[in-house]
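Following: one structure in structure tokens, then a few remarks.
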Amino acid sequence: MKSFALALLLTALVPLPLTAAPCGNTSAGFAAWKRDFAEEARRAGVGQRGLQALAQAQYATSTIAADRNQKSFRYSLEKFMQVRGADTIVAQGRKRKARHPEFYAALERIYGVPAGILIALHGMETAFGHFMGDSPVVSAITTLAFDCRRADFFTPHAIAALKLVDQGTITGATPGAKHGELGHTQFLPGNALAFGVDATGDGRVDFYDMSDALASTANFLRQKGWKPGRGYQPGEPNFEVIRQWNAASVYQQAIAIMAARIDG
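Take the sequence shown: its letters are residues 4 to 267, numbered as in this note's numbering.
Quick look at the structure:
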């Protein structure tokens, strides 16, 4: 009996593991979740600037609305390309390639990714940098990490966003897309942290600078398995790498078609 009581006492003295606050489907509980997530972020190596950005993050209602309403990926390929302005992307893309041939040729020499792919992604994601989003990246990505729908997927990206704040790559107010994507080609924060390239040589990776953003995009594709000189249409080796950029089949096909037209 005495040993049993001692065991209970020892058990009571052992600290229980920290557990994250439960996810939610509304703004209720977001503040409590942020306090617990701050501990997780600290253990993951996030510093003071990142933690301050987390504390200031707001629940992004517009992000949740966008996440629940991604209609375009359910379109047919023909409809998707029409809605996303494929003909305009191709026409403008050809002009951009002709205007800066050395830039795109250098990226292909270094990473093996042809101009058409990079230009098609740039045009599809932000209309060549004309609209890179109006939602604060940190608020958007932490909202998605809190939201029950895909918390496991977005949590590492939320940690990465806070580390990007620590590095000075972004701030808590830096704008991006509704799902926390940032820059010219809309990198998710985890990918930005892992694959960012300082193409300009100024000592920092700036995804809002076209050179850094496109070099980073080419680096992402190469690191994901892009094979220089191989095809990228459906059934060809590099089409599988386009899948790594966006999981929607209609998106992948559209990029392959537009890139071939730009490179043709």
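Virtual Cβ for every residue (Gly too), placed ideally from N, Cα, C.
Can you look up W248 in the DSSP assignment and give me helix, strand or coil?
Counted from its first residue, the sequence shown places residue 248 at position 245. In the structure shown, W248 sits in a helix (DSSP, three-state: H, G or I).
Does DSSP put F210 in a helix, a strand or coil?
Looking up residue 210 in the sequence shown gives position 207. F210 falls in the coil class under three-state DSSP.
Taking the alpha-carbon positions, what's the S138 to A44 distance?
Locating residue 138 in the sequence shown gives position 135, counting from the first residue. Locating residue 44 in the sequence shown gives position 41, counting from the first residue. Distance between the alpha carbons of S138 and A44 is about 22 Å.
In or out: K100 buried (at least 16 other Cβ within 10 Å) or exposed?
Counting from one through the sequence shown, the residue named residue 100 turns up at place 97. That one is buried.
Grouping DSSP H, G and I as helix and E and B as strand, with all else coil, what is L185?
Counting from 1 along the sequence shown, the entry for residue 185 is found at position 182. If DSSP states are grouped into helix, strand and coil, L185 belongs with the strands.
Tell me which residues share the same chain as Q59 and place their Cβ nearer than 7 Å to its Cβ, disregarding the 5 neighbours each side in the sequence.
Position 56 of the sequence shown, counted from the start, is the residue given in the question as residue 59. Correct list, in chain order: G175.
Is there contact between the stretch 153-172 and the stretch 106-119, where contact requires at least three CB pairs shorter than 8 Å?
At 8 Å Cβ cutoff, the stretches do not touch.
Excluding five sequence neighbours on each side, which residues of the same chain lie with their C-beta closer than 7 Å to the C-beta of S142?
Position 139 of the sequence shown, counted from the first residue, corresponds to residue 142. Same-chain partners within the cutoff: A60, Q61 and A63.
Compute the Euclidean distance between the alpha carbons of A154 and R102, then round it to the nearest angstrom.
Counting from one through the sequence shown, the residue named residue 154 turns up at place 151. Counting from one through the sequence shown, the residue named residue 102 turns up at place 99. Using only the alpha carbons, I get a separation of about 42 Å.
In this structure, does DSSP put D137 in helix, strand or coil?
In the sequence shown, the residue the question calls residue 137 occupies position 134. It is coil, neither helix nor strand.
Take the Cβ of G48 as the centre, count every other Cβ of all protein chains shown within 10 Å, and call the residue buried at 16 or more, exposed below.
Sequence index remark: in the sequence shown, residue 48 carries index 45 (1-based). Result: exposed.
Can V93 and M261 be called in contact, C-beta distance under 9 Å?
As a position in the sequence shown, residue 93 is number 90, starting the count at 1. As a position in the sequence shown, residue 261 is number 258, starting the count at 1. Contact: yes.
Measure the Cβ-Cβ separation of A35 and L57 and say whether it is below 9 Å.
Indexing the sequence shown from 1 puts residue 35 at position 32. Indexing the sequence shown from 1 puts residue 57 at position 54. No. Outside cutoff.
For a test of the three-state rule: what should DSSP assign to G232, helix, strand or coil?
Taking the sequence shown and counting its residues from 1, one reaches residue 232 at position 229. It is coil, neither helix nor strand.
Rounded to a whole number of angstroms, what is the C-alpha to C-alpha distance between G32 and I113?
On the sequence shown, position 29 is the one that residue 32 refers to. On the sequence shown, position 110 is the one that residue 113 refers to. Cα to Cα, G32 sits roughly 47 Å from I113.
So, helix, strand or coil for F131, using DSSP?
Position 128 of the sequence shown, counting from 1, holds the residue named residue 131. Residue state, collapsed to three classes: coil.
Would you report the Cα separation of I144 and D39, rounded to the nearest angstrom?
Translated into positions along the sequence shown, residue 144 becomes position 141. Translated into positions along the sequence shown, residue 39 becomes position 36. Those two C-alpha atoms are separated by around 16 Å.
Hey, is the stretch 122-141 in contact with the stretch 227-241, meaning 3+ C-beta pairs nearer than 8 Å?
No, the stretch 122-141 is not in contact with the stretch 227-241.
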